[in-house]
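What follows is a set of notes on a single structure, which appears directly below.
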Amino acid sequence: MARKLVVKRGRKAGSEPGTLIHIGSPRAQPPSIRVIEYDQHDMADRLIDTAGDYEVRQRGQVTWLNVDGVHQADVIEAVGQAFNLHPLVMEDILNVDQRPKVEDYDGYLYLVLRILRYDAASQEIQSEQVSLVLGEHFVLSLQEVKSEIFDAVRNRLRDGRQIRCMPADYLAYALLDAVVDQYFLALEELSEQIETLEDQLIENPQPANLRQIHHYKREMLILRKAVWPLREVLGRLSRDESPLISAETRVFLRDVYDHTIHVMDTIDTLRELLVGLLDLYLSSINNRMNEVMKVLTIIATLFMPLTFIAGVYGMNFELMPELEWRWGYPAVMALMLLISGSLLYSFRRRGWI
Amino acid sequence: MARKLVVKRGRKAGSEPGTLIHIGSPRAQPPSIRVIEYDQHDMADRLIDTAGDYEVRQRGQVTWLNVDGVHQADVIEAVGQAFNLHPLVMEDILNVDQRPKVEDYDGYLYLVLRILRYDAASQEIQSEQVSLVLGEHFVLSLQEVKSEIFDAVRNRLRDGRQIRCMPADYLAYALLDAVVDQYFLALEELSEQIETLEDQLIENPQPANLRQIHHYKREMLILRKAVWPLREVLGRLSRDESPLISAETRVFLRDVYDHTIHVMDTIDTLRELLVGLLDLYLSSINNRMNEVMKVLTIIATLFMPLTFIAGVYGMNFELMPELEWRWGYPAVMALMLLISGSLLYSFRRRGWI
Amino acid sequence: MARKLVVKRGRKAGSEPGTLIHIGSPRAQPPSIRVIEYDQHDMADRLIDTAGDYEVRQRGQVTWLNVDGVHQADVIEAVGQAFNLHPLVMEDILNVDQRPKVEDYDGYLYLVLRILRYDAASQEIQSEQVSLVLGEHFVLSLQEVKSEIFDAVRNRLRDGRQIRCMPADYLAYALLDAVVDQYFLALEELSEQIETLEDQLIENPQPANLRQIHHYKREMLILRKAVWPLREVLGRLSRDESPLISAETRVFLRDVYDHTIHVMDTIDTLRELLVGLLDLYLSSINNRMNEVMKVLTIIATLFMPLTFIAGVYGMNFELMPELEWRWGYPAVMALMLLISGSLLYSFRRRGWI
Amino acid sequence: MARKLVVKRGRKAGSEPGTLIHIGSPRAQPPSIRVIEYDQHDMADRLIDTAGDYEVRQRGQVTWLNVDGVHQADVIEAVGQAFNLHPLVMEDILNVDQRPKVEDYDGYLYLVLRILRYDAASQEIQSEQVSLVLGEHFVLSLQEVKSEIFDAVRNRLRDGRQIRCMPADYLAYALLDAVVDQYFLALEELSEQIETLEDQLIENPQPANLRQIHHYKREMLILRKAVWPLREVLGRLSRDESPLISAETRVFLRDVYDHTIHVMDTIDTLRELLVGLLDLYLSSINNRMNEVMKVLTIIATLFMPLTFIAGVYGMNFELMPELEWRWGYPAVMALMLLISGSLLYSFRRRGWI
Amino acid sequence: MARKLVVKRGRKAGSEPGTLIHIGSPRAQPPSIRVIEYDQHDMADRLIDTAGDYEVRQRGQVTWLNVDGVHQADVIEAVGQAFNLHPLVMEDILNVDQRPKVEDYDGYLYLVLRILRYDAASQEIQSEQVSLVLGEHFVLSLQEVKSEIFDAVRNRLRDGRQIRCMPADYLAYALLDAVVDQYFLALEELSEQIETLEDQLIENPQPANLRQIHHYKREMLILRKAVWPLREVLGRLSRDESPLISAETRVFLRDVYDHTIHVMDTIDTLRELLVGLLDLYLSSINNRMNEVMKVLTIIATLFMPLTFIAGVYGMNFELMPELEWRWGYPAVMALMLLISGSLLYSFRRRGWI
């Protein structure tokens with residue numbers, strides 16, 4: 001099982017804050033930087049080599065700079081210098097093991113989010129970090145790996161719809177919304193499987209189910225750890241009076257906030273369901289043990305007295321009058337029948353058979 | 001078992017917010033729209049074909065527009081345009097998998113509620129969404145399916161009682177009250193059954209009871225998920241200073257709020273009771289296992305020594321003096337009686353029999 | 001077992017709020033109305049037939065009107081009209097299945113309390129509703145059945161003590177205090193019994209104890225449901241700045257509040273103790289099972305090898321040289337002794353005997 | 001076991017508030033009253049017979065009046081009148097079954113505290129009530145029984161140290177500090193024993209441990225009930241702006257508050273540890289049961305087939321060719337060896353032996 | 001196991017607050033005092049013998065005085081006098097069994113922190129106290145033993161980096177950050193081991209695992225007790241408006257606060273995982289017991305009837321016609337085969353074999 005619960009502190013202990021070292025699995029592919037600039041009438045979409053090349057065109061357009069792959073510290077540093085980011089922000093972008101949070105800096109908001117994906121092969125939740133920086137006229141989004149999660153937003157921009165008429169905060173909302181939407185997909189997958197497991201447990205519990213329950217409980221722990229702080233983040237965004245977020249966008253953020261609450265509720269419900277499933281499993285095991293013990297007890301109670309009687313008449317005493325009786329053998333057999341009959345009757349009365 | 005815990009995110013991931021797609025089981029019946037307009041003196045009740053036909057008659061009357069069936073996006077869109085609703089509201093009306101909430105829009109309040117019904121056939125709680133929109137002179141109510149839940153309110157309007165003299169917010173209260181009343185019916189049914197289960201468990205626990213306990217715990221989870229956020233919704237409505245709700249109506253809303261708290265309390269109490277029932281069941285199983293084991297042990301302890309003695313005198317050694325004794329056989333039988341007698345006595349002293 | 005957890009919603013679903021229907025067990029006895037009017041110098045105590053007869057004598061005296069039996073809607077309606085109560089208040093008085101609460105109306109406070117009594121016969125907590133209405137110069141108290149709970153207050157009034165010099169809010173305090181005092185009696189009874197059960201469980205746990213633990217847990221649930229909201233009620237009364245309650249009385253209300261907290265603490269402590277008792281019971285059962293299994297294993301381990309050896313020499317082979325040996329029989333018996341001796345020794349070393 | 005969880009309500013139900021009746025075990029010894037008056041230069045220490053004799057010497061000195069034994073209502077009443085205490089305060093002093101609390105009266109603060117002592121003989125926590133009254137120039141301390149808990153404070157006063165230069169609130173702090181210090185002693189004793197129990201459980205769990213775990217859990221419940229409200233009391237004292245407590249003393253109170261939090265933390269940690277110990281105990285019992293069952297199963301599986309074979313050749317059929325074979329007997333014995341060998345091998349492969 | 005949960009109250013009960021006695025394991029090494037003074041241009045680093053020698057050079061430089069070893073009361077007293085510390089602060093520095101806290105004194109902040117180290121040898125978390133005092137131009141750090149935890153900070157100072165240009169509060173932040181970084185290392189170690197244990201439990205649970213689970217749960221309790229209050233401390237530091245902390249440093253403190261939350265989250269997640277592991281272990285034990293019981297029952301059910309039949313034909317009745325039949329023996333053997341065959345078939349049908 002993947003070591004997902006190991007926590008890692010980014011920077012080497014004791015080093016300068018703002019030291020830029022990438023923390024996470026090393027990756028081969030070079031990061032790609034894509035810049036989209038748009039207003040109601042116009043939109044430009046291009047790949048640039050390094051953020052140093054990027055020139056802020058302050059002509060009232062919204063700039064969306066997206067970086068896929070944050071494993072090269074120099075690339076991130078160039079972005080940070082271009083947009084004048086605090087060293088701690090750059091450090092957090094590189095350290096992809098952060099907890100979701102929102103931080104208020106001078107002139108921009110910094111958000112850490114986590115993308116969750118259900119990986120069907122390993123049946124595990126995969127978690128990746130996305131950093132968003134929202135300035136007055138720009139949004140930066142920095143992801144661990146290239147993913148198609150923001151493709152739909154790009155398409156909406158290209159189609160020149162409503163989103164093109166809105167300021168940068170609306171773009172940030174659209175990206176947030178895309179991230180939270182992923183949670184619904186992951187949860188849908190998981191809850192589907194948990195309910196299948198439930199049916200199986202009710203019909204015919206198996207020892208393997210125990211491991212499955214444990215596995216899902218673990219995934220829920222990971223999910224919860226990612227979603228719980230997000231709730232706080234979105235609550236703050238939709239309530240607080242940051243000048244970077246307009247009242248109009250705030251209505252939309254409230255909607256994403258509601259979705260997060262909905263996700264949290266479902267996670268908690270599933271967690272409680274899993275606790276119930278464990279109870280169900282353990283009780284079934286107990287029930288079965290009971291059944292096995294009853295069979296054993298019935299067999300032993302039936303045959304032990306009979307075997308004893310047979311043993312008695314197998315003794316070799318010279319003087320055992322019954323042995324010489326004409327009806328001795330049938331009488332003993334009748335006695336045995338009587339005993340087993342009355343035992344069976346008493347078992348039935350106790351409801352054992 | 002129905003897949004009730006699967007969470008669904010309305011809109012297709014990444015699509016424009018306010019995209020109107022119905023999320024829920026598809027339904028054949030066309031939606032029906034019913035408009036009731038009333039003041040103290042007058043009341044009109046009619047079915048209209050499409051909300052486009054509807055003309056707001058601003059003559060101081062209260063308008064109640066009820067839609068049964070929200071599965072046709074165009075119908076909802078027409079209603080939304082007639083009453084100037086925000087795209088997100090329309091989206092939420094169509095997506096019938098929402099969490100209860102209240103949202104403050106310019107000029108109106110939007111409420112999502114859930115109707116809960118106990119379905120005797122499947123012994124499950126059925127959950128449906130109702131959307132309420134409260135404006136200054138109108139109330140919109142939009143339900144998933146046609147139901148008789150608001151019939152009593154219609155009758156009170158027709159009978160020209162108190163409700164006809166009150167503004168729109170009182171009508172909204174009446175509808176809320178009708179929804180919460182349903183919860184009492186569902187809970188009454190459920191608690192009745194849980195207490196019956198309790199009696200059964202105390203008298204004679206059965207393996208089937210385990211599944212029942214699990215079933216009721218699950219239903220409680222679903223109930224709780226629907227009622228918990230409602231508590232918050234009603235708390236806000238009865239406290240906050242929305243201009244749409246008069247002080248007079250606020251007193252009535254406080255009453256519905258109290259009912260919700262009462263429902264929550266009862267759900268929590270029933271949940272704790274169910275936990276207690278599971279403990280009771282498991283302990284009974286353990287007790288029974290104990291009984292079975294005692295029977296087995298008594299039988300084995302009684303007959304194993306006796307069978308052994310019989311076995312000894314069944315050995316074929318040529319020189320076994322006891323075998324030739326005149327009183328050998330009776331002596332052995334007496335010995336066996338003695339052993340079994342003293343074993344029985346020791347069992348009784350331990351309280352096993 | 002009584003169906004105490006079934007929740008009932010007063011008014012018929014969908015009917016007008018303020019519809020006056022009594023919800024509760026029907027009762028034969030007519031309600032009795034008693035009016036006490038007093039000031040420092042004077043006190044009048046009389047029974048009246050109907051509240052319609054009652055005439056508010058506004059001469060600076062305090063009026064205490066007590067109704068025993070709230071099952072006749074017309075009686076309550078007359079009281080309500082005489083004192084100008086809100087329809088929702090009258091409805092709540094009649095519906096004796098309410099949660100403790102305090103509500104602020106124009107000119108008066110409405111309180112719902114629950115009297116708890118431990119019924120020794122059924123070993124159950126009996127719960128009844130008392131409604132209190134506190135106006136500037138009057139207190140109404142409305143109980144389900146005639147009870148002697150307020151007798152002590154009446155005696156103090158009659159004896160012309162301190163209470164006669166105080167305004168109406170002090171009378172309300174005295175009634176509240178009398179209600180909370182009942183809780184101490186009920187708890188004292190229950191905790192006494194639970195601790196007796198604890199002693200029994202430590203000395204000699206019995207299957208019947210399981211049912212007792214469950215019974216007490218259930219009673220605690222009911223107690224908690226009644227006391228928990230009361231804590232909130234009294235907290236508000238002793239903190240809030242209602243003009244109906246003087247600073248002087250507030251000091252006394254704080255005292256009742258402390259008592260309620262004390263009751264809550266004790267309930268929670270007893271609940272935790274009961275959880276501990278269940279653990280103790282289950283562990284004892286497990287211990288006993290262990291003992292039983294050990295006995296069985298010892299017996300089987302002792303006699304199975306011996307019986308096998310006896311069986312071997314009971315075989316009828318023609319050529320079994322041992323059978324003809326002179327010391328064959330004693331040698332086998334010695335072997336058996338040796339085997340059982342060494343088995344017993346190994347049992348002792350394992351601490352089984 | 002002592003009935004420590006029984007809650008008692010002081011005053012007889014329904015009686016006047018401020019009725020002075022001592023609630024607690026009756027005691028023979030008469031109460032002793034000791035008055036210490038001091039300022040920086042001077043200190044007088046004397047025993048007086050009755051508080052009526054006491055004359056407040058308002059010459060800027062601090063007065064500390066300590067009563068050992070609160071079981072005589074008249075003594076307390078005299079104190080109360082001398083210092084002008086509210087009737088409810090006097091009632092609470094006499095009723096030694098109170099919850100820790102602080103109450104703000106006109107001109108003085110009233111504190112209820114509980115002294116906890118670990119009694120080595122009964123291995124139980126003993127709990128006694130101390131009432132403190134802090135006025136501008138005086139401190140009253142009223143204890144259930146004579147104890148040496150405040151001796152150290154008296155010594156510091158006598159030695160003329162720092163405490164002599166401080167106002168009355170610092171004396172109250174010193175007494176509070178002495179009370180909380182006792183908790184550390186009790187907890188140290190208890191935690192020492194619980195950790196010894198833990199070692200024992202890990203090495204060799206015994207049925208007696210179960211009762212010990214239950215016993216400590218119970219003591220923790222009692223401790224928690226006494227300390228939890230104290231935390232609130234000290235939190236309020238060190239935060240609130242009572243004119244009776246100087247900013248300088250508040251720093252010291254914050255220190256006592258920290259100690260209380262530390263005590264609470266340790267209680268909670270020990271409680272969780274005890275839950276862990278119960279799990280450990282139960283799991284060990286289960287492990288042992290498993291061992292016992294394995295022994296039984298191995299024995300039965302080994303000897304049942306062998307005994308059966310011996311039984312077969314003990315049958316008395318006239319025509320059983322094997323019986324007459326020359327190598328019949330050794331062949332059967334070899335067969336038996338083979339069977340038991342292969343069974344033992346399969347047990348080993350399963351890891352049972 | 002080390003007695004880590006025993007709580008100790010510093011000062012001897014009843015003694016003067018501010019009495020300076022070292023509470024903790026006695027240590028042989030003398031304390032070493034190291035003073036670093038720096039500003040942007042200059043830095044001096046020297047060891048001094050006693051704080052009495054220390055002379056505050058108020059030339060705008062930042063002074064960092066570090067004491068390794070707090071077991072000599074006179075050394076601490078000298079430091080306290082040199083920096084004018086409150087007696088309670090000096091007492092707390094000496095008593096190395098404190099809970100993390102922050103206290104606001106006139107002119108300086110006093111912080112208690114705990115360093116946590118995972119000791120690989122004993123597999124236990126080691127906890128030591130560090131006291132920090134932050135004044136306007138100085139930082140005091142006082143540790144129990146000499147450790148290299150602050151070496152990295154010293155190196156950064158020596159290298160003349162950013163930290164040299166910042167005021168004293170930034171130095172305090174750097175020390176705090178170094179302390180919290182240690183937690184990540186300890187947690188990483190622990191979570192690595194817990195996940196290894198998890199794998200082991202899923203593959204092949206052993207009785208020894210039970211003790212390991214208990215051990216890690218215990219370590220988690222200790223971790224939690226140290227980290228939980230720290231969260232509060234850092235929350236206050238990064239929120240409150242202390243004049244000693246600049247807005248610039250507050251941003252960095254928020255970062256440490258985030259790390260603490262992250263640590264807390266991980267501790268809670270690991271705790272829940274450990275609960276899950278215990279469930280997994282117990283269920284596996286139950287599963288195995290079930291397997292053992294099945295084997296026993298199958299063996300007994302197979303051989304008891306067969307042995308009985310053999311016993312019957314081993315009886316010595318003179319008249320047992322079957323014994324003389326030619327095909328008697330083969331017929332009985334065939335009967336036995338039939339019986340065991342049908343039993344085996346029924347076992348297979350039940351899924352037991």
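Residue numbers (our numbering), protein chains in the order written: chain H, 1 to 353; chain B, 1 to 353; chain F, 1 to 353; chain Z, 1 to 353; chain W, 1 to 353. Here a beta-carbon is modelled for each residue, glycine too, at the ideal position from N, C-alpha and C. Please read these numbers as outputs of a predicted model, since none were measured by experiment.
Burial state of residue i (16 or more Cβ within 10 Å)
i        : result
B:GLU136 : exposed
Z:ARG348 : exposed
H:LEU280 : buried
H:ALA2   : In this prediction, H:ALA2 scores a pLDDT of 48, lower than 50, which makes its location untrustworthy; the coordinate-derived value is nonetheless stated afterwards. By the 10 Å Cβ count, H:ALA2 comes out exposed.
W:SER122 : exposed
B:LYS146 : exposed
W:TRP327 : exposed
B:ALA334 : exposed
F:PRO330 : exposed
Residue range of the unbroken alpha helix (DSSP H) whose run includes residue i
i        : result
Z:ARG114 : Premise fails: Z:ARG114 lies in the beta strand (DSSP E), 108-119, not in any alpha helix (DSSP H).
Z:MET315 : Element bounds for Z:MET315: n/a, residue is neither H nor E.
Z:GLU77  : 73-83
Z:VAL332 : 328-349
Residues bridged to residue i [DSSP beta-bridge criterion]
i        : result
Z:THR355 : The displayed coordinates of chain Z run from 1 to 353. Any statement about residue 355 of chain Z would go beyond what the structure contains.
F:VAL130 : F:LEU113 and F:GLN143
B:LEU32  : The question names Leu, but residue 32 of chain B is Ser in the sequence shown. Paired residues: B:ASP68.
Residue span of the beta strand (DSSP E) that contains residue i, given as start and end
i        : result
Z:ILE163 : Premise fails: Z:ILE163 is in no beta strand (DSSP E) and is neither H nor E.
Z:ILE48  : 43-48
B:VAL102 : 101-105
Q) Given a limit of 8 Å on CB to CB distance, which residues of the region 285-302 of chain H reach chain B? A) Cβ contacts with chain B come from ASN286, ASN287, MET289, ASN290, MET293, LYS294, LEU296, THR297, ALA300 and THR301.
Q: Output, in sequence order along the chain, the residues in the region 317-328 of chain F whose CB is closer than 7 Å to any CB in chain Z.
A: Residues passing the 7 Å Cβ filter: PHE317, GLU318, LEU319 and MET320.
Q) Is the region 283-294 of chain Z in contact with the region 290-306 of chain W, if contact means three or more CB pairs nearer than 8 Å? A) Contact between the region 283-294 of chain Z and the region 290-306 of chain W is established, with three or more Cβ pairs separated by less than 8 Å.
Q: Closer than 7 Å, Cβ to Cβ, to anything on chain F: give me those residues from the region 190-209 of chain Z, in chain order.
A: Against chain F - using a Cβ distance shorter than 7 Å - the residues of the region 190-209 of chain Z are PRO207.
Q: Can you give me, in chain order, the residues of the region 252-265 of chain B that have a beta carbon less than 8 Å from any beta carbon in chain F?
A: Listed by position along the chain: PHE252, ARG254, ASP255, ASP258, HIS259, ILE261, HIS262, VAL263 and ASP265.
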